[in-house]
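Novice: Encoded as structure tokens, here's the structure I'll be asking about.
Residue numbers (the numbering used here): 1 to 490.
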């Protein structure tokens, strides 16, 4: 038993870290769950192929979690529970596959901390497409790493090459940003292959696999009729300056403690000191001569730099306020790069002291999301799902509100409580059919939070007229009022 624990203690630690994370940040338990998250739960509830291969009316975002969740829904789990389990299993796959790049078991545990107990500003890794994309890409990375020194003529090597390309296609389906990472990966692999040509089987499988992959991607995206004209536009000089200004004010607010999130600010300073110190010794001790020989360190560093630049140049990202959720990709890549450096320089005496510094950085980062929730917003740890569950006594009904107070109302009982953003909120266009379905119901409830100052006697939504029935009341986390459907507006 002792030998078993000694050989597998890292798996036990990873499992414990995942369970702790699930209890705080899963769809089922997260106190700050919002309509962006609820969206995934609702898609899982009505999931149907091939119509729901992508997120509702979106030009990107493969529904991999909603698809996996179907397995657990068939087993009798509630939709939100099934989605939570599916997503955490996907993240676990990413952790375990990236973990194969490390020699030291302790560093495999750190990968789990990066994914499951992240720094507060990157908590979206536990519920956002970028975390899912990198988890799938990690499978390709694992197979490529295994086949690198393998005899390419063996059946095993050929199977691994096929699987590596298959998971690249899946990663692009989940989020087309993966295309950039895959291009960087191919370039790095070609560079580290040296002057010699790749093995003939690698060339053969790459050419055939590339053609098949392109055909698969074209086929998958043929089911995506949505368009986003601004999603792929590059910013002009003025917009780039705006983006830099947004980043500057965000960084400054944290560094001067204006956000009042003291653990977040402390962790940011620790990271800066840690990275500067690590860079200093890499240069002073000339460790870069060793590190530059490692293809995976090079890949993750380039991936980090490239995406930081891509987001800086993206007009869409700028218009979304340089949202921190985009930078989850930079967080993953830079973290992997740093952990690989520690793994490769494990025997260096100085690294023992830097490892202790790393422990502190990871620990402070891990507690930062909980601290922020307790001290800033929402100042408690009550799961949002429990608030939504309090709407169950309303029975089968429709709910109309603004974006942030609509879909979230349905997460606990998506089969009974149907919700949609109101007609003046562009977000309803994500699923216009759902909006029409809600508006056609006999009884609906209006959520005034973030939308109305008071409840009007009558109102029109999506071509239907509604009359107020009774007074407003507070239920769950929302101010609501019942309305009766008086039919279509002539």
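Beta carbons: idealized from backbone N, C-alpha and C, even for Gly. Keep in mind the model is a prediction, meaning the values are calculated, not measured.
To the nearest angstrom, report how far apart residue 46 and residue 274 are at their CA atoms.
Specialist: Rounded to whole angstroms, residue 46 to residue 274 spans 47 Å at the Cα level.
Novice: With burial defined as no fewer than 16 other Cβ atoms inside 10 Å of the residue's Cβ, what is the status of residue 75: buried or exposed?
Specialist: It counts as exposed.
Novice: Only counting runs of 3 or more residues, tell me where the beta strand (DSSP E) segments fall wholly within the segment 425-449, in order along the chain.
Specialist: Qualifying beta strand (DSSP E) stretches, in chain order: 443-447.
Novice: Anyone know if the C-beta pair for residue 317 and residue 308 falls short of 7 Å?
Specialist: Contact: no.
Novice: From this set, 20, 10 and 59, which residue's C-alpha is nearest residue 222's C-alpha?
Specialist: Residue 59 is the option with its Cα nearest to residue 222.
Novice: Grouping DSSP H, G and I as helix and E and B as strand, with all else coil, what is residue 268?
Specialist: Residue state, collapsed to three classes: helix.
Novice: Check each candidate in 27, 484 and 369 and name the one with the smallest Cα separation from residue 123.
Specialist: The shortest Cα separation from residue 123 among 27, 484 and 369 belongs to 369.
Novice: Label residue 177 either buried or exposed according to how many other C-beta atoms from any shown protein chain fall within 10 Å of its C-beta, with 16 as the threshold for buried.
Specialist: Flag for residue 177 reads buried.
Novice: Please state the DSSP three-state secondary structure of residue 485.
Specialist: Looking at residue 485 - three-state DSSP - the assignment turns out to be strand.
Novice: Report the partner residues of residue 419 according to the DSSP bridge assignment.
Specialist: Answer is 399.
Novice: Leaving out the 5 sequence neighbours to the left and right, which residues in its chain are closer than 6 Å to residue 165 when beta-carbon positions are compared?
Specialist: 209 and 213, listed in sequence order.
Novice: Which first and last residues belong to the beta strand (DSSP E) in which residue 319 is found?
Specialist: Counting along the chain, residue 319 falls outside any beta strand (DSSP E), though it belongs to the alpha helix (DSSP H) covering 315-319.
Novice: Count the other CB atoms within 10 Å of the CB of residue 476; is the residue buried (16 or more) or exposed (fewer)?
Specialist: Looking at its Cβ environment, which holds 16 or more other Cβ atoms inside 10 Å, residue 476 is buried.
Novice: So, is residue 320 buried or exposed, given that buried needs 16 or more other C-beta atoms within 10 angstroms?
Specialist: So residue 320 ends up on the exposed side.
Novice: Looking at the structure shown, is residue 77 part of a helix, part of a strand, or coil, going by DSSP?
Specialist: Three-state DSSP puts residue 77 in coil, outside helix and strand.
Novice: Mind checking which residues open and close the beta strand (DSSP E) that includes residue 465?
Specialist: Its beta strand (DSSP E) spans residues 464-468.
Novice: So which of 85, 20 and 202 has the shortest CA-CA distance to residue 153?
Specialist: Cα-wise, what sits closest to residue 153 is 202.
Novice: Determine the DSSP secondary structure at residue 303, reduced to helix, strand or coil.
Specialist: In this structure, residue 303 counts as helix in the three-state DSSP scheme.
Novice: Going by DSSP, what residues sit across from residue 132 in a beta bridge?
Specialist: Its beta-bridge partners do not exist; DSSP assigns none.
Novice: Between the C-alpha atoms of residue 243 and residue 406, what's the straight-line distance to the nearest angstrom?
Specialist: Answer to the nearest angstrom: the Cα atoms are 30 Å apart.
Novice: Less than 7 Å between C-beta atoms, sequence neighbours within five positions excluded: which residues of the same chain meet that for residue 271?
Specialist: Excluding sequence neighbours, residue 271 sits near 361.
Novice: In three-state terms, what does DSSP make of residue 322?
Specialist: Residue 322: coil per DSSP, three-state reduction.
Novice: Compare the Cα-Cα distances from residue 160 to each of 144, 151 and 416 and report the closest residue.
Specialist: Checked all of 144, 151 and 416; the closest Cα to residue 160 is 144.
Novice: So for residue 43, helix, strand or coil by DSSP?
Specialist: Residue 43: helix per DSSP, three-state reduction.
Novice: Examine the Cβ distances between the segment 24-42 and the segment 92-107 and report whether three or more of them are shorter than 8 Å.
Specialist: Contact fails: fewer than three Cβ-Cβ distances are below 8 Å.
Novice: Between which two residues does the beta strand (DSSP E) harbouring residue 475 extend?
Specialist: From DSSP, the beta strand (DSSP E) with residue 475 extends over 473-475.
Novice: Report the CB separation of residue 443 from residue 482 in whole angstroms; it is logged as a contact under 8 Å.
Specialist: Correct: roughly 6 Å between the Cβ atoms.
Novice: Do the CB positions of residue 480 and residue 428 come within less than 7 Å of each other?
Specialist: It is not a contact, given that the beta carbons lie outside the stated cut-off.
Novice: Quick one: grab the DSSP three-state call for residue 277.
Specialist: Three-state DSSP puts residue 277 in a helix.
Novice: Does the segment 344-360 come into contact with the segment 274-285, if we say contact requires no fewer than three beta-carbon pairs (one atom in each stretch) closer than 8 Å?
Specialist: As far as the Cβ criterion goes, the segment 344-360 touches the segment 274-285, which means the pair count is three or higher.
Novice: Would you list the residues sitting across from residue 120 in a DSSP beta bridge?
Specialist: According to DSSP, residue 120 bridges with nothing at all.
Novice: So does the segment 39-57 actually touch the segment 414-425, counting three or more Cβ pairs closer than 8 Å?
Specialist: Yes, since at least three Cβ pairs between the segment 39-57 and the segment 414-425 fall closer than 8 Å, the two stretches touch.
Novice: By the 10 Å Cβ neighbour count, where 16 or more other Cβ atoms means buried, how is residue 304 classified, buried or exposed?
Specialist: The residue in question, residue 304, is buried, as its Cβ has 16 or more Cβ neighbours within 10 Å.
Novice: For residue 150, which three-state DSSP category applies?
Specialist: Looking at residue 150 - three-state DSSP - the assignment turns out to be coil, as it is neither helix nor strand.
Novice: So that I know if they touch, is there some Cβ in chain C lying closer than 7 Å to that of residue 360?
Specialist: Checking the listed chains, one finds no chain C in this structure; it contains a single protein chain.
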